[in-house]
Amino acid sequence: MATLYVASTETFVGKSAVCMGLLRRMQRDGFTVGYMKPVSVSAAHTADRVLDEDAAFIRETLGLTAPLEQIAPVLITPGAIESILRGQPSGFAKTLRDAYLAVSREKDVMVLEGTNTWSEGSLVDLSADQVTDLLHAPGILVSRYASSLAVDTILSVQRYVGDRLIGVLLNQVEDPQRDFVQNRVVPFLEGRGIPVFGLLPRDNTLAGISVEELIEHLGGQLIGKREWCSRTVDSLMIGAMGAEASLSFFRRRPNKVVITGGDRSDLQLAALETS
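In this text, residue positions in the sequence shown follow my numbering: the first is 850, and each later residue adds one.
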């Protein structure tokens, strides 16, 4: 059985989407796959349970049969942190190991989704390098390429984990940067012994949120046509300046949401004018 740990160095780099893509491809190729999120630092509270929403989504989408409690076995909640700081042993390493043995049974491939950063989980001795050691899993790094400073972060991870890092995937590469990344960054990283498995372009559809989702999460009320709910919001802007100055500011971003005070009708009208 092969195991792969998918890591990142910051939030919202597309780690869950990469895991989903890998798992779907391997399912299509006929492999029996398993998925886990060994450590979750962003557990959500529902009416009857605490769960990791990413893990629950992937489990449901791929039709995985393992219980969610095994797929995401270690939930670092405020209560768990308080217990650890009081000196109480967590037993999380054993919990993770037992869950991994159960989920990986009769699987060809296991994909493990890491935490938001390489260091998260250190409080319970389950940071990315500790998990990869415990489960003997090589890792790939998903890195957002916003600027050449991303290379700095990738090199620091390599120095930290060594041979456990088998390569990197550069995500959210803007079109104007693609040639530079392909012709300069990729050869540089590979010359340092870090294979680059791919460059994924930034997609505003994937990066955005629909108006309907925004209304739902904010508990808001729609004023306007119902069909507008399907539109995608690409960016958020804060409106706190004068109305005249705001026009040039707002025109820079199409498909935006402007956050401003309820008493600033001038800014509300300026936002509508530039939408």
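Built from N, CA and C at the ideal position, the CB exists for glycine as well.
The region 982-991 and the region 856-863 touch, with three or more beta-carbon pairs separated by less than 8 Å. Counting C-beta atoms within 10 angstroms of its own C-beta, K1074 has fewer than 16 neighbours from the protein chains shown and is therefore classed as exposed. For V980, the enclosing alpha helix (DSSP H) covers residues 977-984. Contiguous beta strand (DSSP E) elements confined to the region 1049-1101 occur at 1084-1087, taking only those with 3 or more residues.
Here Q876 has V882, L911 as same chain residues with Cβ atoms under 8 Å from its own Cβ, once five neighbours each way along the sequence are excluded. Annotation: the region 997-1033 contains the following complete segments of the beta strand (DSSP E) (minimum length 3 residues), in chain order: 1014-1022.
Excluding its 5 nearest sequence neighbours in each direction, K886 has C-beta neighbours in its own chain below 6 Å: D901, A904, A921, E962, listed in chain order. In the assembly as shown, R908 is a buried residue. Its beta-carbon has 16 or more other beta-carbons within 10 Å. One alpha carbon belongs to S1084, the other to T1123, and they sit about 14 Å apart. By the CB criterion at 8 Å, F941 and V923 fall inside the cutoff.
Counting only the Cα atoms, R1101 lies some 30 Å from L1018. Annotated three-state conformation of F1046 is strand, per DSSP. A904 sits in a helix when the DSSP states are folded into three classes. L1014 is positioned such that its CB atom lies no closer than 8 Å to that of V960. Within its own chain, the residues whose Cβ lies closer than 6 Å to the Cβ of A999, once the five positions on either side in sequence are excluded, are S992, listed in chain order.
For V958 against M869, the beta-carbon gap comes to about 14 Å, at or over 8 Å, which does not count as contact.
Here K943 carries a helix assignment [DSSP, helix/strand/coil].
The alpha-carbon of E918 is positioned some 45 Å away from that of F1099. The C-beta distance from V1082 to I1058 rounds to 5 Å, short enough to meet the 8 Å contact threshold. Annotation: the continuous beta strand (DSSP E) that includes L961 extends over 958-962.
In terms of Cβ geometry, L1048 and V1022 form a close pair [threshold 8 Å].
For K886, there is no enclosing alpha helix (DSSP H), as DSSP marks it with neither H nor E. Per DSSP, V1107 lies in no alpha helix (DSSP H); the unbroken beta strand (DSSP E) holding it starts and ends at 1105-1108.
For G879, no alpha helix (DSSP H) run applies, since DSSP gives it neither H nor E. By the criterion of a C-beta distance shorter than 6 Å, A892 is surrounded in its chain by V899, D901, L924, T926, once the five residues flanking it on both sides are discounted. DSSP places L913 in the coil class of the three-state scheme, outside both helix and strand.
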